[in-house]
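Encoded as structure tokens, the structure appears first; notes follow it.
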Amino acid sequence: MQIEWLWGLGGGLLIGLGAAVYLLGNGRIMGASGILGGMVDSSDRSLERLSFLAGVIGMPILLRPFFSPAPETHLTSNIVIVILAGLLVGVGTRIANGCTSGHGVCGISRFSLRGIVATIFYIAAGAVTLALLRHIWGVI
Amino acid sequence: MRALISLLAGSLFGAGLLISGMTDTTKVQGWLDIFGQWDPTLAFVMGGAILPMLFAWQLTNSRKPLTGGQFPSKATTELDRRLILGSILFGMGWGLAGLCPGPALASLSYGGVGGILFLISMILGMYAAPTLGAQLDRTANAA
Chain A
43 MQIEWLWGLG GGLLIGLGAA VYLLGNGRIM GASGILGGMV DSSDRSLERL
93 SFLAGVIGMP ILLRPFFSPA PETHLTSNIV IVILAGLLVG VGTRIANGCT
143 SGHGVCGISR FSLRGIVATI FYIAAGAVTL ALLRHIWGVI
Chain B
126 MRALISLLAG SLFGAGLLIS GMTDTTKVQG WLDIFGQWDP TLAFVMGGAI
176 LPMLFAWQLT NSRKPLTGGQ FPSKATTELD RRLILGSILF GMGWGLAGLC
226 PGPALASLSY GGVGGILFLI SMILGMYAAP TLGAQLDRTA NAA
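So the protein sequences, as listed, match chains A and B. Counting in our numbering, the first sequence tops out at residue 182, every number present. Counting in our numbering, the second sequence tops out at residue 268, every number present.
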């Protein structure tokens, strides 16, 4: 599929546009883990955050039928890995105070040292984890 | 008004995550798999997402947010244990399953039972994070 990078670029532009609307409109940094995390620890359960989550979850429901083949997650069926990964992502993003959207997209674009360092570390940790589990131990 | 802007931002974010392939764990893991069949798509997603934000941050210098208030204060440059260790834990989970928080939400309607299980585990992790973070600070101070 030679045009996959074009879909990646187009989708990426939409992600950045969403972050720009959130920043210029509401004056806030668009971070998925921060917005969801604020709901979880009840530090911010405003309608503003709820409607953001409604958009993130709702828009794919509307758009997905127009794609052929429909996008799939291809998530592993290994339940232990799914649970462990979910816990790690939840704990890690809250302790680091950001994920791919907050530290990655919003941080790097303002040349934030914290955003750039966080991104280097989570990509490196992801690559090492995958290399060990896929190529050394053959688990995933 | 703020809720409407959030809905628009979230919708654009959700559409972008779906279209870009970020909710496809084979693509994400393909990008992290530098020792295997490396898939460069995610570099285009990141680049595409950063582009509009470069302009947006420029605009924050001379304007106020549309709905009033202030823009976020200048980014701090302080690097601490929480940032590094948290990012490593997050990266390990990201590599294991290929989902990060945004895509976990965006794929909720088509990620099946596994996707729901991932989201629940992630929320439990977020719930436990303040306690674990405090523990981390204590061991740091003791050391």
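Where a beta carbon is used, it is the ideal one built from N, C-alpha and C, also for glycine. Bear in mind the structure is a predicted one, so any value in this text is a computation, not a measurement.
Beta-carbon neighbours of residue i, restricted to chain B and to distances below 8 Å
i, result
"residue 121 of chain A", "239 and 242"
"residue 93 of chain A", "128, 129, 131, 132 and 135"
"residue 165 of chain A", "157 and 216"
Neighbour list for residue i in chain A, Cβ cutoff strictly below 9 Å
i, result
"residue 200 of chain B", "149, 152, 153, 154, 155, 156 and 157"
"residue 192 of chain B", "67, 68 and 69"
Per-residue contacts from residue i into chain A (C-beta, under 7 Å)
i, result
"residue 127 of chain B", "68 and 90"
"residue 154 of chain B", "172"
"residue 107 of chain B", "Residue coverage of chain B in this structure runs from 126 to 268, which leaves residue 107 of chain B outside it and unanswerable."
"residue 195 of chain B", "69"
"residue 265 of chain B", "Result: empty, since nearest Cβ-Cβ is about 12 Å, beyond 7 Å."
Same chain, Cβ closer than 6 Å to residue i, neighbours up to 5 away in sequence not counted
i, result
"residue 176 of chain A", "182"
"residue 162 of chain A", "none"
"residue 228 of chain B", "142, 147 and 148"
"residue 25 of chain A", "This structure gives no information on residue 25 of chain A, because the portion of chain A shown stretches from 43 to 182."
"residue 127 of chain B", "192"
"residue 86 of chain A", "80"
"residue 145 of chain B", "170"
Amino acids of chain B, ordered along the chain, whose beta-carbon sits closer than 9 Å to that of residue i
i, result
"residue 87 of chain A", "Here the premise fails: no neighbours, minimum Cβ distance about 13 Å."
"residue 75 of chain A", "215, 225, 226, 227, 247 and 251"
"residue 107 of chain A", "The contacting residues do not exist; residue 107 of chain A stays about 10 Å from chain B at best."
"residue 180 of chain A", "The contacting residues do not exist; residue 180 of chain A stays about 12 Å from chain B at best."
"residue 45 of chain A", "Those do not exist, as residue 45 of chain A stays about 10 Å from chain B at its closest Cβ, beyond 9 Å."
Contacting residues, own chain, Cβ-Cβ under 7 Å from residue i (five flanking each side not counted)
i, result
"residue 185 of chain B", "196"
"residue 206 of chain B", "261 and 265"
"residue 73 of chain A", "140, 141, 143, 144 and 148"
Own chain partners of residue i with C-beta closer than 8 Å, once the 5 adjacent residues on each side are dropped
i, result
"residue 115 of chain A", "none"
"residue 47 of chain A", "none"
"residue 91 of chain A", "77, 80 and 81"
Within chain B, partners of residue i - CB distance below 7 Å
i, result
"residue 143 of chain A", "227"
"residue 103 of chain A", "234"
"residue 49 of chain A", "144, 145 and 146"
Partners in chain A for residue i, counting only beta-carbon separations shorter than 8 Å
i, result
"residue 185 of chain B", "65 and 66"
"residue 259 of chain B", "Those within 8 Å of residue 259 of chain B in chain A number zero; the least Cβ separation is about 10 Å."
Can you confirm whether the segment 130-145 of chain A touches the segment 197-217 of chain B when touching is taken to mean that 3 or more C-beta pairs between the two stretches lie within less than 8 Å?
yes
What are the start and end residues of each continuous beta strand (DSSP E) run of 3 or more residues lying completely inside the segment 155-197 of chain B, in chain order?
none
Could you give the uninterrupted runs of the beta strand (DSSP E) lying entirely in the segment 46-109 of chain A, keeping only those of 3 residues or more?
none
Does the pairing of the segment 134-152 of chain B with the segment 189-199 of chain B give three or more beta-carbon distances under 8 Å?
no
Counting pairs of beta carbons, one from the segment 119-127 of chain A and one from the segment 43-62 of chain A, are three or more of them closer than 8 Å?
no
Cβ pair count under 8 Å reaching 3, the segment 77-95 of chain A against the segment 234-253 of chain B
yes
Okay, do the segment 160-173 of chain B and the segment 229-239 of chain B touch, 3+ Cβ pairs below 8 Å being the bar?
No: fewer than three Cβ pairs fall under 8 Å.
Below 8 Å, can you find three or more Cβ-Cβ pairs linking the segment 126-142 of chain B to the segment 62-73 of chain A?
yes
Counting Cβ pairs closer than 8 Å, one from the segment 164-175 of chain A and one from the segment 214-226 of chain B, do we hit at least three?
yes
Short of 9 Å Cβ to Cβ, which residues in the segment 157-176 of chain B face chain A?
157, 158, 159, 160, 161, 164, 165, 166, 167, 168, 169, 170, 171, 172, 173, 174, 175 and 176
Going along the chain, which unbroken runs of the alpha helix (DSSP H) with 4 or more residues stay wholly within the segment 212-263 of chain B?
226-231
Please list the residues of the segment 200-218 of chain B that have a C-beta atom closer than 8 Å to any C-beta atom in chain A, keeping them in chain order.
200, 201, 202, 203, 204, 207, 208, 209, 210, 211, 212, 213, 214, 215, 216, 217 and 218
Can you give me, in chain order, the residues of the segment 121-140 of chain A that have a beta carbon less than 8 Å from any beta carbon in chain B?
121, 123, 124, 125, 126, 127, 128, 129, 130, 131, 132, 133, 134, 135, 136, 137, 138 and 139
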